[in-house]
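Q:
Number of protein chains: 2
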Amino acid sequence: MSARRKLESAAGVEAPGAGRGARKQMTRERLLDAALTLMSGGNSFPSLSLREVTREAGVVPTAFYRHFHDMDELGLALVEECGLTLRRLLREVRKAGVPTTDIIRHSVAIYLQYVRAHPRHFRTAASERNGGSPAMRQAIRNEVGHFVREMAQDLRLIGYRSDLPTEALEMICSLVINTMLNAASDILDLPADQPQLTRELEENFISQIRLVFLGAEQWRADPDVRHKK
Amino acid sequence: MSARRKLESAAGVEAPGAGRGARKQMTRERLLDAALTLMSGGNSFPSLSLREVTREAGVVPTAFYRHFHDMDELGLALVEECGLTLRRLLREVRKAGVPTTDIIRHSVAIYLQYVRAHPRHFRTAASERNGGSPAMRQAIRNEVGHFVREMAQDLRLIGYRSDLPTEALEMICSLVINTMLNAASDILDLPADQPQLTRELEENFISQIRLVFLGAEQWRADPDVRHKK
DNA sequence: ACTATATGTGCACACTTGTTCACAGACAGC
DNA sequence: GCTGTCTGTGAACAAGTGTGCACATATAGT
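Protein chains in written order, with full-length UniProt numbering: chain A, 1 to 229; chain B, 1 to 229.
The following block contains the structure:
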């Protein structure tokens, strides 16, 4: 299939009867997909060239401009896609409901499963969160911010620490999510043939999340630290 | 000074009486410095070109090869430099001793001061930790790993949670350090003319660290989670 | 059915990039 | 002091890059 793409270069030839806008979106997605694929092979986004992407997508370089002004614009679109994945993940976890035993382990399991199902999205998110262009960083930060707020609201809804102000809940969630993203990056970097290391990393990850929630249970809304010794 | 560099391009002309090895190391450091400077201006390491670096360093492209085979090799040297900075930070904190009141706030203050004193090192560390080439990622992971172990040992020495196995202490420290690096990245990205936002971020950061240690105090060595409900 | 439009092609251009090679000058050891 | 060695220079090259332009061709609206 990849070879097929490379041989018959004409994107318009592959789907000659699908409506105009539909085909446009198809090649647009092919460009995005190409970028993701290239990134999952060691390359990082800022080092991708426009031509490289179009080549991988099976499209002539100039066709790129029909969809994006810039590589940066493609980057932003990518971030949006990753954000979408994140939100679907949240919905998935919500759907699973609130198990009575070992909530954390359960949620983490869903999370890890999701990470492995969308490795390219998570790698991109983790990698460009601090690395990419300033614009891309900001975009990712926004996405993560949304995620944090949604998660905090979810905790609200299930009545978790309902005595805390939203601010505090979001602080906690942000810590959790940072930990999640770091773990995703670590796990995706692991050689696939090391199930032992994988398990260790996962256990470590679970421990960290558990630790955070242990702290969260003890958190006091407004500790007046200056008078505390 | 930057202009001076660009005008008189000959590096050998600038310091004509300083010993051979010494001058070699000087231009080597200039190359490293150039890379750091370029990175602190939006560029990320993988997008740097060899020529760009030599240009900024005020050296002809071919001179690069006298110091590094590769850009990757320069990257590794950079990581080492960042690791050195991290270790000096740790020594600084150690030197400060163990204040009796509000240890966390105190340590965080030192940390933030350090981050602002070496912004380029911390940006690089945060950014290439997930973004760079696989080799660079691994190198950073090693440095961070050392840091984690040293910090865990320090906690040991001051008798913090001496009942816990080293493994658990390291898990805690790794969580702390992840949070530290994320915070560094966030803070360095902030527009400099927003002291209010800066303060909020710092407070949030302190809260997170505090939360982690709150959890750490409650952590049980071997919670048999399967029998716990 | 005819025409205008939008998507993808092909070619062109000016640049930048990494790397090779012969060369110049400063230093170190005899 | 002479000679060999090492660091930095300069010109050169092939390859890759972003982008502008005129062209094809399938589609949508009349």
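Backbone N, C-alpha and C fix where the C-beta goes; we use that ideal spot for every residue, glycine too.
#1: Suppose the cutoff is 8 Å on Cβ atoms and the five residues either side in sequence are ignored; what does the same chain contact list for B:S133 look like?
#2: At a Cβ cut of 7 Å, what residues of the segment 181–205 of chain A count as close to chain B, listed as they run along the chain?
#3: Is A:P115 close to chain B? Criterion is C-beta to C-beta, closer than 8 Å.
#4: Counting only beta-carbon atoms, is B:Q208 nearer than 8 Å to chain A?
#5: Looking at the C-beta of A:T179, does it have a partner C-beta in chain B at a distance below 8 Å?
#6: Could you tell me if A:L7 is buried or exposed, where buried requires 16 or more neighbouring beta carbons within 10 angstroms of its beta carbon?
#7: By Cβ distance, which residues of its chain are closer than 7 Å to A:F213, with the 5 residues on each side in sequence left out?
#8: A:V212 versus chain B: which residues are under 8 Å apart at the beta carbon?
#9: List the residues of chain A that B:P119 touches, going by C-beta distances under 8 Å, in chain order.
#10: Could you run through the segment 83–98 of chain B and flag, in chain order, every residue whose CB is less than 8 Å away from some CB of chain A?
#11: Over what stretch of residues does the alpha helix (DSSP H) that includes residue 231 of chain B continue unbroken?
#12: Going along the chain, which unbroken runs of the beta strand (DSSP E) with 3 or more residues stay wholly within the segment 139–202 of chain A?
#13: By alpha-carbon positions, which one of B:L155, B:A216, B:E202, B:A168 ends up nearest to B:L112?
#14: Would you please verify whether the beta carbon of B:A126 is less than 8 Å from any beta carbon of chain A?
#15: Between the Cα of residue 266 of chain A and those of A:S40, A:S162, A:V79, spot the shortest distance and give me the residue it belongs to.
#16: Alpha helix (DSSP H) containing A:N43: first to last residue?
#17: Within its chain, find whatever has a CB closer than 8 Å to the CB of A:L175; leave out the 5 residues flanking it on each side and keep chain order.
#18: Among A:T101, A:C82, A:A117, A:R149, which has the Cα closest to the Cα of A:I172?
#19: What does B:G145 reach in chain A if we use C-beta pairs closer than 8 Å?
#20: Taking only the alpha-carbon atoms, compute the straight-line gap between A:G215 and B:T179 and give it to the nearest angstrom.
#21: To which residues of the same chain is B:S40 closer than 7 Å at the C-beta, ignoring the five residues directly before and after it?
#22: For A:A96, which of helix, strand or coil comes out of DSSP?
#23: Do A:R116 and A:L181 count as a contact pair if the criterion is CB distance below 8 Å?
#24: Please say whether B:I177 and B:F147 have beta carbons closer to each other than 8 Å?
#25: Work out the CA separation of B:S107 and B:R210 for me, nearest whole Å.
#26: Does any CB atom of chain A fall closer than 8 Å to the CB of B:M171?
#27: So, helix, strand or coil for B:A221, using DSSP?
#28: Using a beta-carbon distance cut-off of less than 7 Å, what residues from the segment 135–169 of chain B approach chain A?
#29: To the nearest angstrom, how far is the alpha carbon of A:G21 from that of B:D189?
#30: Using the C-alpha atoms, what's the distance from A:M136 back to residue 242 of chain A?
#31: For B:G19, does the three-state DSSP call read helix, strand or coil?
#32: Less than 8 Å between the C-beta atoms of A:G131 and B:G131, yes or no?
#33: Using a Cβ cut-off of 7 Å, which residues of the UniProt domain "HTH tetR-type" (25–86) of chain A contact any Cβ in chain B, in chain order?
#34: Is A:S133 close to chain B? Criterion is C-beta to C-beta, closer than 8 Å.
#35: Skipping 5 residues on each side, what residues in its chain have a beta carbon closer than 8 Å to that of B:S185?
A: In short, the structure shows the following:
#1: P46, D72, G75
#2: Listed by position along the chain: N182, S185, D189, N204.
#3: In the sequence under discussion, the amino acid at residue 115 of chain A is Val, which differs from the Pro named in the question. With 8 Å as the cut-off, A:V115 does not count as an interface residue toward chain B.
#4: yes
#5: Judged by the 8 Å Cβ criterion, A:T179 is in contact with chain B.
#6: In this prediction, A:L7 has a pLDDT of 39, which is less than 50 and means its spatial position is unreliable; what the coordinates show is noted afterwards. Exposed: under 16 other Cβ atoms inside 10 Å.
#7: I104
#8: L175, L211, V212, G215
#9: What B:P119 touches in chain A: nothing, since even the nearest Cβ is about 13 Å away.
#10: Contacts with chain A (Cβ-Cβ distance below 8 Å) from the segment 83–98 of chain B involve no residue at all.
#11: Residue 231 of chain B cannot be examined here, being either before or after the span of chain B that is shown, 1 to 229.
#12: For the segment 139–202 of chain A, not a single whole beta strand (DSSP E) run of length 3 or above is found.
#13: For B:L112, the nearest C-alpha among the options comes from B:E202.
#14: yes
#15: Nothing about residue 266 of chain A can be reported from this structure: the residues present for chain A run from 1 to 229 only.
#16: Run containing A:N43: none; DSSP gives neither H nor E here.
#17: V212
#18: A:R149
#19: The contacting residues do not exist; B:G145 stays about 11 Å from chain A at best.
#20: 15 Å
#21: P119, R120, R123
#22: coil
#23: no
#24: yes
#25: 11 Å
#26: yes
#27: Looking at B:A221 - three-state DSSP - the assignment turns out to be coil, as it is neither helix nor strand.
#28: R137
#29: 39 Å
#30: Because chain A is modelled from 1 through 229, residue 242 of chain A falls outside the range shown and cannot be assessed.
#31: Look at B:G19 here: in three-state DSSP terms it is coil, with no helix or strand label.
#32: yes
#33: G42, S44, P46, S47
#34: yes
#35: F122, R123, A126, S127
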